[in-house]
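Beneath this line is the structure, given in structure tokens, with notes to follow.
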């Protein structure tokens, strides 16, 4: 089983739709979690951190479920500009804190 | 304020050759991490340099080596290139040696194609 798994998609949704992605991780001792956005042929950029209590940033909501070992990203009122690949990142524990990226989920928002 | 810069932007090599990629960190940053991103995959951590030493290393063979200079810039060297080394190589800089990825700023990457 991969350390961090994501459905690669693509998720094809109309403007204004609500879409959610999940990401599962295998190491129960993982310490910190993030969502990154990567546009085509560009570098990844931090979208938001994911906290146990859940956090929201405008149209974006991130949740962490430690019991089931997954994180989620919800995007409300999708915009064309939300089209990108969304990478989940888990900082592994055990002293090294090496970040592990999922393969990313592709989102296409169409008019 | 220049962000993270990488050179070259694109590179084509043949199997067995050696390649050197370069990275200049964001102003004020002293730590450089390198990642390999194969097509359709997420970035994979290669190693991190701080104070001119390799501080952490991911699961990559010894063919992958690096260096950090006193001005904090860094090089990634790959020897005996394989077709599977074709990827986008990302450099990320940060201002401390902690590996929390959220403190890292990524450069635009170098696209390496091995034929």
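Protein chains in written order, with my numbering: chain A, 432 to 542; chain B, 182 to 296. Where a beta carbon is used, it is the ideal one built from N, C-alpha and C, also for glycine. Computed from a predicted structure; not experimentally measured.
* To do: For chain B, find out if any of its Cβ atoms is closer than 8 angstroms to the Cβ of residue 474 of chain A; answer yes or no.
  => Locating residue 474 of chain A in the first chain gives position 43, where the first residue counts as 1. Output row for residue 474 of chain A: interface = yes.
* Asked: DSSP beta-bridge partners for residue 455 of chain A?
  -> Taking the first chain and counting its residues from 1, the one referred to as residue 455 of chain A is at position 24. A:436, A:501, per the DSSP bridge assignment.
* Asked: Expressed to the nearest angstrom, what Euclidean distance is found between the alpha-carbon atoms of residue 223 of chain B and residue 184 of chain B?
  -> On the second chain, position 42 is the one that residue 223 of chain B refers to. On the second chain, position 3 is the one that residue 184 of chain B refers to. Note on geometry: alpha-carbon atoms of residue 223 of chain B and residue 184 of chain B lie some 22 angstroms from one another.
* To do: Rounded to whole angstroms, what's the CA-CA distance from residue 452 of chain A to residue 519 of chain A? Just pull it up for me.
  => Here residue 452 of chain A refers to the residue found at position 21 of the first chain. Here residue 519 of chain A refers to the residue found at position 88 of the first chain. Straight-line Cα distance between these residues: approximately 10 angstroms.
* Neighbouring residues, chain B, relative to residue 477 of chain A (Cβ below 7 angstroms) -> For the purposes of this step, residue 477 of chain A is taken as the residue at position 46 of the first chain. Residues of chain B passing the Cβ test: 283.
* **Cross-chain neighbours of residue 226 of chain B in chain A, by beta carbon under 9 angstroms** => Indexing the second chain from 1 puts residue 226 of chain B at position 45. Those are 529, 530, 531, 532, listed as they occur along chain A.
* Asked: Since residue 201 of chain B sits in a beta bridge, which residues does DSSP pair it with?
  -> Position 20 of the second chain, counted from the first residue, corresponds to residue 201 of chain B. Per DSSP, B:258.
* To do: Determine the chain A residues that contact residue 249 of chain B at a beta-carbon separation under 8 angstroms, and present them in chain order.
  => Position 68 of the second chain, counting from 1, holds the residue named residue 249 of chain B. Residues of chain A passing the Cβ test: none, with the nearest at roughly 18 angstroms.
* Asked: Is the beta carbon of residue 270 of chain B less than 8 angstroms from the beta carbon of residue 202 of chain B?
  -> Translated into positions along the second chain, residue 270 of chain B becomes position 89. Translated into positions along the second chain, residue 202 of chain B becomes position 21. Yes, they are a contact pair.
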